[in-house]
Amino acid sequence: MKKITIPEYMFPAFAAQGIDTSELIYAIHTDLVLDSEDTDVYMAVSKESLFVLCGVEKVAKTAGARRVTTVFEASKTEKYSLVELGKLSTERLLSTGRLYSEKDDAAKILLVFSVGFLADVERLIKVVKNIIEGRTPLEEIVVDDKLFCPKCGTRYPEPERKLCPKCMDKISITRRLLGFFKYYKNKVAIILITMLAGSAFAVVSPLIGTKFLFDDVLTEGGNYYGAILGAVGLILFVRAVHVTFNILFSYVLARTVPWIVYDLKLKIFEAMQRLSVGFYTSKRTGSLMNRVNRDANNIYWFFVDGFPYVIVNIITFTGVITLMCVLSLKLAIVCMVILPIAIGLFSLLWRVFRRFHHKNWVYNAQLNSMVSDSVNGQRVIKAYAREDDESKRFSEMGGKLADVDIKAINMEYTAFPLIYTFLFLGQVIVTAIGGMMVLNGEITLGTLLTFIAYLSMLYGPLEFMSWVSNWWARCVDSAQRVFEIMDAEPDIAEPDVPVVLDKIRGDIEIRGVKFEYDPATPVLKGIDLSVEAGKMLGIVGKTGAGKSTLANLIARLYDVTEGSITVDGVNVKELSLAQLRKSIGIVSQDIYLFIGTIADNIRYSNPDAGIEEVIRAAKIASAHDFIMLLPDAYETKVGAGGQDLSGGEKQRLSIARTILQNPNILILDEATAAMDTQTEANIQKALFNLQSGRTTIAIAHRLSTLRDADSLAVLSDGIVVESGTHKELMLKKGEYHKLYTIQLEGLKTINMED
Amino acid sequence: MATTQNTTASDLSDAIDIGLLDPQKAEFYLTPGGFTGLKYGEADYKRITLRRALPIGQPMAYISVADHDNKEIGMIGAVSELSEEQRIIVTAELENRYYSPTIVEVKSVKDKLGYVYIELVIGREGHPYEKTCTVKDVSKNIRLLGDDRLIIFDVDGNRYLINSLSKLDKKSLSRLEPYMF
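This is the structure we're talking about:
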């Protein structure tokens, strides 16, 4: 990551339009001008103006030049004064975005571009804003200029992953993967030795079993003429040694690779614990995480079933070819003509098969989803009497799958025999030529038969090598993803010199906080709030107003885009993460219980707590009574596969957990949102016990629960529209009054119906 | 029995008005800044957003009209019901919002480690130009819409549309065929 100003290739284009390039501060390249033939746009900013050049970019090779250059043919130039332009903003459409300016209630569209350029345009707006507000133009402008592979110029498919599929260094990734074997040096040495020895005996086998038998034992005048028993014994011995080495190699391999995959999975898991919440919630990494298991399995199977046989097959292939050349160079040359054709045929066949397999995989996945849909949705299917339609849908998809399977099987049953017939023809040609050579006395019968045996020994490695490269590529891709997780840097990092306070009192100041998860979609647009230590701040607002986001920012699960949050006067970015997180307790409606006992789950926030403390916490959280009604009480297993608990019960365990944590700052994020009235009353009592003496930030949509808050803030569309006490806000008759009255009316209606 | 059920269903549907705008009262206009506005009765909405309820099946019917705060003003039942002048404005705004380049030719498709690089010729008012798009998870991002239309989503969020597969040249079709499900 580095700061860039203007890409060099843009200078001639601006200069050609009479723009003084020395004054330009920043420039970007976008595309798409909907109402003209232009396909490229250069936008640049100077201290006074914004320039927009529309035209067509062409790649040209000037006479005598060694490299191609980019030539921009401008057809239209617009110049806007920054002062008169007004506020610049972007609007995201479907697959396009537009840049527009707003001044004096009038808005003007300046440009439409493909959605992929949205982040670039946002950065340009930031530069303009910095200039207008008198800041350094490139302040807080961090540009990732590495969007294109430096080797081949291909755009990275995912800019966050500096990975070019065309140039990916498979060798270095494989080397790094092989690095996991270094802790098992002795076993790897045994694997390699047994593999080499096994392959060597396999290659030597035809020499003993055919050439030696025919030329030296069965032919009159041979060195061991008539020594049949000895020959058979030797053949058996070679075979036995070969099999022994193979068994030994497989045994050691099977005892080594699972440990290597264990190391790999452990490293992934450890890396996952380091990463920030943002890593897990982003779309990109979401799919990455889903693949972790599959990736580890891909690597496992390649190393168990693929990689060793790559070595075995390479040794076999090289050994056989060498021996063929030694036995008869002339016949070996004949084989060399047949082999490339065989390689070509195998590669072609596997390419076709891959397509069928891919289709088969997709249809199978769809069919499985359909079954799962049907099982989970049985109530709805039956309620709407749609059984026949569901069967029809399944039958259609099943039919498609059957079609693909039939084609694949037909291909397998016809193509492979055809290829093997071709290979047989090759063998016939070698037999014919070799036969003539035997008759001419150029080679012995034993040599010819050995040769034919060797030729058939080549087909296996050829077939294997024609498809293993794809397998290897998939394994490298999996390894790349795994390494990506291991190498990922957490967004929320501990400061170099973290501030550790003696005790966190709980004074919170939120100043000018802006935040966005994705470019051009701000969630918080400038929040100013404060809460004194030990007081309670209630945050209300409609769904999507940014209430939970604000809570996450205080706990530093994410970092603010702009502005600051301080705790006891220290920016949360400077505070020790461990101290901050231990001082903040969050009770949200999203409760997670780990696999373990109820006591373990309560103790999760303070593993050293004794059972008496656990019971005390459960009593304060109004959880003790329901726990004691369970047969195993505090030793009841919960979490996946454990005792089912209701939402309210889980919530009370979560409160008990927070009580044991004993935080100085408490965040209650819709803690009672999904509860019935009685449960809510119980939990409110528990929360009241928890809140005393702590700074509390409570988010709730039921305003009645926040009446006692020391102050309230109403959030709407990312900004604070009102703040004050309940009484003040009710008197103000603004947004809060409106929300409160609506809820009150709603409750009255329910009571009337009751 | 069937009649009773239909009547009941119809009654339920009628209970909520979907808020169709009266084409006679709606006057769409272009602001000097290039945005689309709407005068409807007494109200003047200076910047509106048009969204298709059925963007694939019926792109020119059931168009939601929302104000600048994304509050729905009402729905246009069918764009064809509007006057010529109004239709041009509404169509232009919809085409801008739902702009998806049309694929004229598929020059090559290369599969590299799970990413598919597609070299396309994209048509624009008789001025085709080439573009390479990168697609991830082809089974999700190359989608058949009915029997004859196809849409491709690239890693940047761009959409490319083939309006009629039967009109696409054979070579292009055979290049795409392995990725069509």
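Heads up: the protein sequence lines correspond to chains A and B, in order.
Offset between the first sequence (1-based) and the numbering used here: plus 31.
Offset between the second sequence (1-based) and the numbering used here: plus 21.
Here a beta-carbon is modelled for each residue, glycine too, at the ideal position from N, C-alpha and C.
Considering only the beta carbon of each residue, do Ala87 of chain B and Ile69 of chain B sit closer than 8 Å? Along the second sequence, read from residue 1 onward, the residue named residue 87 of chain B stands at position 66. Along the second sequence, read from residue 1 onward, the residue named residue 69 of chain B stands at position 48. Going by C-beta atoms, Ala87 of chain B is nearer than 8 Å to Ile69 of chain B.
Which first and last residues belong to the beta strand (DSSP E) in which Arg536 of chain A is found? Numbered from 1 along the first sequence, position 505 holds the residue referred to as residue 536 of chain A. Per DSSP, Arg536 of chain A belongs to no beta strand (DSSP E) and is neither H nor E.
Could you tell me if Tyr623 of chain A is buried or exposed, where buried requires 16 or more neighbouring beta carbons within 10 angstroms of its beta carbon? Here residue 623 of chain A refers to the residue found at position 592 of the first sequence. It is exposed - the Cβ of Tyr623 of chain A has fewer than 16 other Cβ atoms within 10 Å.
For Leu141 of chain B and Val159 of chain B, what's the separation of their Cα atoms in angstroms? Here residue 141 of chain B is taken as the residue at index 120 of the second sequence, counted from 1. Here residue 159 of chain B is taken as the residue at index 138 of the second sequence, counted from 1. If you take the alpha carbons of Leu141 of chain B and Val159 of chain B, they lie about 16 Å apart.
Does Lys139 of chain A come within less than 8 Å of chain B when only Cβ atoms are used? In the first sequence, counting from the first residue as 1, residue 139 of chain A sits at position 108. By this cut-off, Lys139 of chain A is an interface position.
Within 10 Å of its beta-carbon, does Lys764 of chain A have 16 or more other beta-carbons around it, so buried, or fewer, so exposed? As a working note, residue 764 of chain A is residue 733 in the first sequence. Burial call: exposed.
Just to confirm, is the Cβ distance from Gly58 of chain B to Glu93 of chain B under 8 Å? Residue 58 of chain B sits at position 37 when you count from the first residue of the second sequence. Residue 93 of chain B sits at position 72 when you count from the first residue of the second sequence. No.
Exposed unless 16 or more other CB atoms sit within 10 angstroms - verdict on Ser802 of chain A: Because chain A here runs from 32 to 785, residue 802 of chain A falls outside it and cannot be looked at.
Just to make sure I have the definition right: I need the residues of chain B whose C-beta is within less than 8 Å of the C-beta of Ser145 of chain A. Which are they? Within the first sequence, numbered from 1, the residue matching residue 145 of chain A stands at position 114. Per Cβ cutoff of 8 Å: Asp177 and Asn179.
Euclidean distance between Cα positions of Glu116 of chain B and Glu759 of chain A: Sequence index remark: in the second sequence, residue 116 of chain B carries index 95 (1-based). Sequence index remark: in the first sequence, residue 759 of chain A carries index 728 (1-based). Using only the alpha carbons, I get a separation of about 49 Å.
Roughly how far, in whole angstroms, is the beta-carbon of Phe387 of chain A from the beta-carbon of Ala439 of chain A, given that I think they are within contact range, below 8 Å? By 1-based counting over the first sequence, the position of residue 387 of chain A is 356. By 1-based counting over the first sequence, the position of residue 439 of chain A is 408. Going by Cβ atoms, the distance from Phe387 of chain A to Ala439 of chain A rounds to 4 Å, so yes, they are a contact pair.
Ala576 of chain A and Leu746 of chain A: beta carbons closer than 8 Å? Start at 1 with the first residue of the first sequence, and residue 576 of chain A comes out as number 545. Start at 1 with the first residue of the first sequence, and residue 746 of chain A comes out as number 715. Cβ distance < 8 Å, so Ala576 of chain A and Leu746 of chain A count as in contact.
Nearest neighbour of Ile633 of chain A, chosen from A:Ser359, A:Arg587 and A:Gln682 [CA to CA]: Reading the first sequence from its first residue, position 602 is the one you call residue 633 of chain A. Answer by Cα proximity: A:Gln682.
Could you name the residues of the same chain whose beta carbon sits closer than 6 Å to that of Glu48 of chain B, not counting the 5 residues immediately before and after it, in chain order? Locating residue 48 of chain B in the second sequence gives position 27, counting from the first residue. The answer, listed in chain order, is Lys60.
Under 8 Å, do Ser145 of chain A and Thr127 of chain A count as touching if we go by C-beta distance? Looking up residue 145 of chain A in the first sequence gives position 114. Looking up residue 127 of chain A in the first sequence gives position 96. Yes.
Spatial neighbours of Pro526 of chain A within its chain, please: CB distance less than 7 Å, with the 5 preceding and 5 following residues excluded, ordered by chain position. Counted from its first residue, the first sequence places residue 526 of chain A at position 495. Cβ neighbours of Pro526 of chain A beyond the five flanking positions: Lys604 and Glu605.
Among residues of its own chain, excluding the 5 on either side of Thr155 of chain B, which ones have a beta-carbon nearer than 6 Å to its beta-carbon? Within the second sequence, numbered from 1, the residue matching residue 155 of chain B stands at position 134. Answer for Thr155 of chain B: Tyr136, Tyr138, Asp175 and Val176, listed in chain order.
Under the rule that 16 or more other beta-carbon atoms within 10 Å means buried, what is Thr445 of chain A, buried or exposed? As a first step, residue 445 of chain A must be located in the first sequence, where it is residue number 414. Answer is exposed; the Cβ neighbour count stays below 16.
Look at the Cβ atom of Val435 of chain A, then the Cβ atom of Tyr394 of chain A, and state whether they are nearer than 8 Å. Residue 435 of chain A sits at position 404 when you count from the first residue of the first sequence. Residue 394 of chain A sits at position 363 when you count from the first residue of the first sequence. Contact: yes.
Roughly how many angstroms lie between the CA atoms of Lys67 of chain B and Thr52 of chain B, to the nearest whole one? Position 46 of the second sequence, counted from the start, is the residue given in the question as residue 67 of chain B. Position 31 of the second sequence, counted from the start, is the residue given in the question as residue 52 of chain B. Distance between the alpha carbons of Lys67 of chain B and Thr52 of chain B: 7 Å.
Grouping DSSP H, G and I as helix and E and B as strand, with all else coil, what is Ala729 of chain A? As a position in the first sequence, residue 729 of chain A is number 698, starting the count at 1. Three-state result, Ala729 of chain A: strand.
In three-state terms, what does DSSP make of Arg634 of chain A? In the first sequence, residue 634 of chain A corresponds to position 603, counting from 1. Three-state DSSP puts Arg634 of chain A in a helix.
Pick helix, strand or coil for Met468 of chain A, following the three-state DSSP scheme. Working through the first sequence from its first residue, we reach residue 468 of chain A at position 437. Residue state, collapsed to three classes: helix.
Asp151 of chain A, enclosing alpha helix (DSSP H) - first and last residue: As a working note, residue 151 of chain A is residue 120 in the first sequence. Taken as a continuous stretch (DSSP letters only), the alpha helix (DSSP H) holding Asp151 of chain A covers Leu149 to Ile163.
Determine the burial state of Val618 of chain A: buried for a count of at least 16 other Cβ atoms within 10 Å of its Cβ, exposed for fewer. Numbered from 1 along the first sequence, position 587 holds the residue referred to as residue 618 of chain A. Val618 of chain A should be labelled buried.
Three or more C-beta pairs under 8 Å: does that hold for the region 536–553 of chain A against the region 580–594 of chain A? yes
Hey, quick one: how far does the beta strand (DSSP E) through Arg587 of chain A stretch, first residue to last? By one-based count along the first sequence, residue 587 of chain A stands at place 556. From DSSP, Arg587 of chain A is part of no beta strand (DSSP E); its letter is neither H nor E.
Are three or more beta carbon pairs between the region 728–736 of chain A and the region 551–571 of chain A nearer than 8 Å? yes
Using the Cα positions of Asp190 of chain B and Lys152 of chain B, report the straight-line distance between them to the nearest angstrom. Locating residue 190 of chain B in the second sequence gives position 169, counting from the first residue. Locating residue 152 of chain B in the second sequence gives position 131, counting from the first residue. Rounded to whole angstroms, Asp190 of chain B to Lys152 of chain B spans 18 Å at the Cα level.
Using a Cβ-Cβ cutoff of less than 8 Å, which residues in the same chain neighbour Tyr119 of chain B once the five nearest sequence positions on both sides are dropped? Position 98 of the second sequence, counting from 1, holds the residue named residue 119 of chain B. Hits under 8 Å: Arg73, Pro76 and Pro80.
Distance cutoff 8 Å, beta carbons only. Does Arg417 of chain A sit that close to anything in chain B? In the first sequence, residue 417 of chain A corresponds to position 386, counting from 1. Arg417 of chain A does not count as touching chain B.
Assuming Leu362 of chain A and Ile464 of chain A are in contact, meaning their beta carbons sit under 8 Å apart, how far apart are those beta carbons, in whole angstroms? The count along the first sequence starts at 1 and reaches residue 362 of chain A at position 331. The count along the first sequence starts at 1 and reaches residue 464 of chain A at position 433. 7 Å between Cβ atoms; contact.
Within the same chain, show all residues whose beta-carbon is closer than 7 Å to that of Arg688 of chain A, passing over the 5 residues directly before and after it, in chain order. On the first sequence, residue 688 of chain A is found 657 positions in, with the first residue counted as 1. So the qualifying residues of the chain are Asn632, Ile633, Tyr635 and Ser636.
Relative to the alpha-carbon of Pro529 of chain A, which residue among A:Leu743, A:Ala609 and A:Leu209 has its alpha-carbon at the smallest distance? Reading the first sequence from its first residue, position 498 is the one you call residue 529 of chain A. Among A:Leu743, A:Ala609 and A:Leu209, the Cα nearest to that of Pro529 of chain A belongs to A:Ala609.
Any C-beta of chain B within less than 8 Å: which residues of the region 114–126 of chain A qualify? Leu124, Leu125 and Ser126
Cα-Cα separation, Leu380 of chain A to Phe447 of chain A: Looking up residue 380 of chain A in the first sequence gives position 349. Looking up residue 447 of chain A in the first sequence gives position 416. One C-alpha to the other measures close to 8 Å.
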